[in-house]
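For the sequence shown, the numbering used here assigns the number 1 to the initial residue and increments by one for each residue that follows.
Take a look at the structure set out below.
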Amino acid sequence: MILYFKNGSNISGKLVRKTDDYYVIRWKGGEVTFYSNEIDYIEEGATTPDRLGQVHEEEIWPYENDIAIKLTNGTVIDAEIIDVKKEIVTTGRKVGEGRIEQDIEREKIEYLLFKPVSNNETKKKERDFKKLFPEMRFYKDGNVTVITDSYVTWVNKYKATLRSVYTEIYFEFFTLYKERKPEFQNFVVIFDGHIDFIEYAIADGVPGWAVLGYYNPDERVLYLFNSLGDKFSEFIFEVLIGEKARAVDEIVDRLKKATDNKYELLLEGQAADIKDKFWRYYNMIKADLKEETFNTLRHEFTHELFNNWGLQSIIVSRAAGKRSELIEKKREYLETEDLSKKREMLRDLVTMSRERYLAIDLEAANSWLAEGTATFCETYPLGDRNRRWLFLFQKMKREGIFYPLEHLTVYKMGSFPGVCPEAMLYAYAQSWALVYFLMDRYPDRFMEYQDRLTRETPKEDEDIRWFLEALGKDLRTLEGEFLEYMAQFDELEDPFIKKFVKWNNIFNEFK
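Have a look at this one:
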């Protein structure tokens, strides 16, 4: 464990005990107490010197099982999870020659604790990230490491969301996860600055100006932009309120002077009313950003979990040997301030990214399965009806658009490459609808199909056959049942129009 203090210093040692008020650390052969109000933040783990006196990090995992259960009352249950139902989680523990089972109500479970993965791949990534992002801090929370330059307040909010979605996914897809262990540590890099995020995303070949976050399956890392942080909030404030509010104040000051302050209270009241409308618009934008940010985090983290647990392999690069070279070029690109050199380096990075993309080795990872699962998990609570994708699916049906199920299995690389933007959105919508249908009607059979994909690689045209065999249906019967199921939902109004009307109503009050 490493303690970072508010005065800028830090100390590392093995945790002996902790309370709400203090930490006791074993350091240089003795035990030292540090009070919580002295500490800025903490990196989990311990450090021990080897025979040469060099310090190495080793993970502290105080539990017997790789997964522990944190209850809402603060108690931690260290027992094997052997079954998960809608309202009950069953655990088992060996006692002598026997075994004790315990049922826990899911509503009493706050979240699950997952043992960190400490292998050579994880350690190499940590070294690479420390080179790439020397100003960022590392927050290890079990099997998740958050790397960010955001304030710790926002770190805690993101960590809480990650704990929640990790727990929900494990319970929802327990049949798939229960016999497996994570192969990698889950890294989540959160940029506090929008421009920093855009620059890095461009280097990865991603249009950072158009997205809030993305998962890079080649590196097994999730990148996110903290759209809720102070930097971007100040930017939005200045765009929506700052200049306009100052203009209103200037007009009011001139009118007050012109009327010898006779109407001071009236003028200031009207100015406050006008600025209040801008504030309401600003708060609506912030609320929309918050929802979209956490939806993006949940969606992309789903990709990361399924990939890192060996359940969905979207892309496996054959050009892994170039990774170190790529990391070094990214570091140089981010550090240089010479614009002409930056442009040249960006061309090289894009070329390298394209070469890696062309040198991929595809495994059994259908786009509809990967994106359908991620869209299914992006709602809170997990698996709730996703109004955005339901509306788009209903829109498809009204326009007479439907992708035959065998057509969906053509795409093998995540986000339906090679199709136009509108068709891509429709493919996402149908993928969400199909997974939503399967998780409701045939969850066990759907899990069987996914489990087979993790154990075997289907040959050409074999994937759709495996899918139908698992469900015990022929293709056209399944399609008919799927469409009948989706037809039961009431038609939704366009959420974008609804949002526009709310915004428009505010500005109509100016008239």
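A virtual CB, placed ideally from N, CA and C, is assigned to each residue, including glycine.
Buried versus exposed, by CB contacts within 10 Å (16 or more), residue i
i      : result
Leu265 : exposed
Ile169 : buried
Arg163 : buried
Ala287 : exposed
Gly74  : exposed
Pro381 : exposed
Asp249 : exposed
Beta-bridge pairing of residue i - partner residues as DSSP gives them
i      : result
Gln488 : Answer by DSSP bridge pairing: none, since Gln488 is not bridged.
Ile77  : Ile69
Leu3   : Ile11 and Ile42
Ile109 : Leu71
Tyr63  : Beta-bridge pairing links Tyr63 to no other residue.
Arg99  : Lys94
Lys18  : Tyr23
Helix, strand or coil at residue i [DSSP, three-state]
i      : result
Thr161 : helix
Lys70  : strand
Ser12  : strand
Ile104 : strand
Asp83  : strand
Val24  : strand
Phe133 : coil
Val435 : helix
Thr33  : strand
Phe114 : strand
Lys262 : coil
Thr336 : coil
Gln312 : coil
Glu57  : The predicted position of Glu57 is uncertain, since its pLDDT is 42 and thus under 50; no value can be drawn from it.
Ile236 : helix
Gly383 : coil
Pro515 : This structure cannot settle anything about residue 515, because the visible part of the chain is limited to 1 through 511.
Pro495 : helix
Residue interval of the beta strand (DSSP E) (run including residue i)
i      : result
Gly92  : Ile88 to Val95
Asn216 : Gly213 to Asn216
Phe225 : Val221 to Phe225
Where the alpha helix (DSSP H) through residue i begins and ends
i      : result
Asp444 : Pro443 to Arg455
Ser367 : Ser367 to Cys377
Arg398 : Arg387 to Arg398
Leu468 : Glu462 to Leu471
Leu228 : It is not in any alpha helix (DSSP H) - Leu228 carries neither H nor E in the DSSP assignment.
Leu513 : Because residue 513 is not part of the residues shown, which for the chain are 1 to 511, the question remains open.
Could you name each continuous alpha helix (DSSP H) segment of 4 residues or more that falls completely within the stretch 135 to 199, going from the start of the chain to the end? Complete alpha helix (DSSP H) runs here, min 4: 152 to 172 and 174 to 177.
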